[in-house]
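J.: Note that my numbering numbers the sequence shown so that position 268 is 268, with each residue one more than the last.
Each residue gets a CB set at the ideal place from its N, CA and C atoms; glycine is no exception.
The model shown is predicted, which means the values in this text are computed figures rather than measured ones.
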Amino acid sequence: MIRPDDLSEYLAAGTKEAHDRAENSPFAKDFLRGRIKRELFKLGTAALYHVYSALEEEIERNKEHPLFAAVYFPSELHRKEALAKDLEYLYGSDWKSQISCSAATRPYVERLHHVGQHEPDLLVAHSWTRYMGDLSGGQILKKVAQRALKLPANGDGIHFYQFEGIHNPTAFKRLYRSRMNELEVDAETKKRLLAEANLAFKFNLQVFEELQEIGNGIKEEVQDISFPAHGDLGGDISKCPYYAAKMAVSGNTTYMCQLARTLLRHTSAQVLLATWIAAITGLAAWYIM
Numbered sequence: 001m002i003r004p005d006d007l008s009e010y011l012a013a014g015t016k017e018a019h020d021r022a023e024n025s026p027f028a029k030d031f032l033r034g035r036i037k038r039e040l041f042k043l044g045t046a047a048l049y050h051v052y053s054a055l056e057e058e059i060e061r062n063k064e065h066p067l068f069a070a071v072y073f074p075s076e077l078h079r080k081e082a083l084a085k086d087l088e089y090l091y092g093s094d095w096k097s098q099i100s101c102s103a104a105t106r107p108y109v110e111r112l113h114h115v116g117q118h119e120p121d122l123l124v125a126h127s128w129t130r131y132m133g134d135l136s137g138g139q140i141l142k143k144v145a146q147r148a149l150k151l152p153a154n155g156d157g158i159h160f161y162q163f164e165g166i167h168n169p170t171a172f173k174r175l176y177r178s179r180m181n182e183l184e185v186d187a188e189t190k191k192r193l194l195a196e197a198n199l200a201f202k203f204n205l206q207v208f209e210e211l212q213e214i215g216n217g218i219k220e221e222v223q224d225i226s227f228p229a230h231g232d233l234g235g236d237i238s239k240c241p242y243y244a245a246k247m248a249v250s251g252n253t254t255y256m257c258q259l260a261r262t263l264l265r266h267t268s269a270q271v272l273l274a275t276w277i278a279a280i281t282g283l284a285a286w287y288i289m
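#1: Among R38, Y52, A46 and H65, which residue has its Cα nearest to the Cα of L183?
#2: Output the distance between the C-alpha atoms of A93 and V207, rounded to the nearest integer angstrom.
#3: State the Cα-Cα distance for the pair M132 and R179, rounded to the nearest angstrom.
#4: Can you give me the Cβ contacts of S25 inside the same chain, cut-off strictly under 8 angstroms, excluding the 5 residues immediately before and after it?
#5: Taking all protein chains shown into account, decide if H118 is buried (16 or more other Cβ within 10 angstroms of its Cβ) or exposed.
#6: Since Y52 contacts L87 with CB under 8 angstroms, what's their CB separation in whole angstroms?
#7: Check whether the Cβ atoms of R102 and A47 sit closer than 7 angstroms, and answer yes or no.
#8: Quick check: does the Cβ of E17 come within less than 6 angstroms of any heavy atom belonging to the ligand ADP?
#9: Would you report the Cα separation of F68 and V185, rounded to the nearest angstrom?
#10: Note down, in chain order, each residue of its chain lying with its Cβ closer than 7 angstroms to the Cβ of D156, except the 5 sequence neighbours on either side.
#11: Could you check whether L112 and L55 sit closer than 7 angstroms to each other, using their CB atoms as the reference points?
#12: If you count every other CB in all the chains shown that lies within 10 Å of the CB of R106, and 16 or more means buried, which is it?
Written out as structure tokens, the structure is:
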């Protein structure tokens, strides 16, 4: 049984505001609406590669640390190799010579190395923030990117989102949270973990803002996601499928019905109805599991 004072619940409640800021950033909202430019997707994938390279290097360094060993799941969670596959597809065989650690990504990477070398107990916060997010809302991004960027059905370009070592994401997230909740942490350590989780969200938001700024200088690409943008809805954001999905998460049955009607009005969106339902579950997972 989950209790409000459990570490996973404590972090979820304490990072809700930061999580909402990242989720509602212009870059994240455009991505969810299928308005993702290929060049930005490539740069975002490169940023993730640098972040996960640093995170997993420090995880390996501290895999036997008493406060981290219980949530050490390399075969199930580690993303560096998957990201390398995506970068090879997106950039070609010489991808390493074409990517660099961006200005916004660098402080994130430096913090991860500092934590791993000097405050390894805080790795729990970074691991929770990244991997649980990837297993939740990240799953909708996979489908959106695949369709908007016309990526092949075999998964090329989106291996990052495919956790082949996890057959039941919901069950695994429960296991991960239960392991977190069993960690012996005092009140001061919990506060430090919460502060670090909020810092992780801040770093992610800064990367989003950097990508958004870069995107403003890239010529608009034609996207075919078949979902209308807010600007095409007469200013009524409530007609947006993503907004309806968020309201449905909160239990609003009106928006649940609206979401289905909105999707079914678009022929190509019909095949994505199951994806949006999965997204609702993913978006809710941070707070109800």
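T.: Taking the structure as given:
#1: Minimum Cα distance to L183 is reached at H65.
#2: In the sequence on display, residue 93 carries Ser and not Ala. Computed Cα separation, rounded: 25 angstroms.
#3: 13 angstroms
#4: L205, F208, E209 and Q212
#5: exposed
#6: At roughly 11 angstroms, the Cβ-Cβ gap does not stay under 8 angstroms, so Y52 and L87 are not in contact.
#7: Per the sequence shown, the amino acid found at residue 102 is Ser instead of Arg. Taking 7 angstroms as the Cβ cut-off, S102 and A47 qualify as a contacting pair.
#8: No copy of the ligand ADP appears in this structure; indeed no ligand is present at all.
#9: Between the alpha carbons of F68 and V185 lies a gap of roughly 11 angstroms.
#10: Y89
#11: yes
#12: Per the 10 Å Cβ criterion, exposed.
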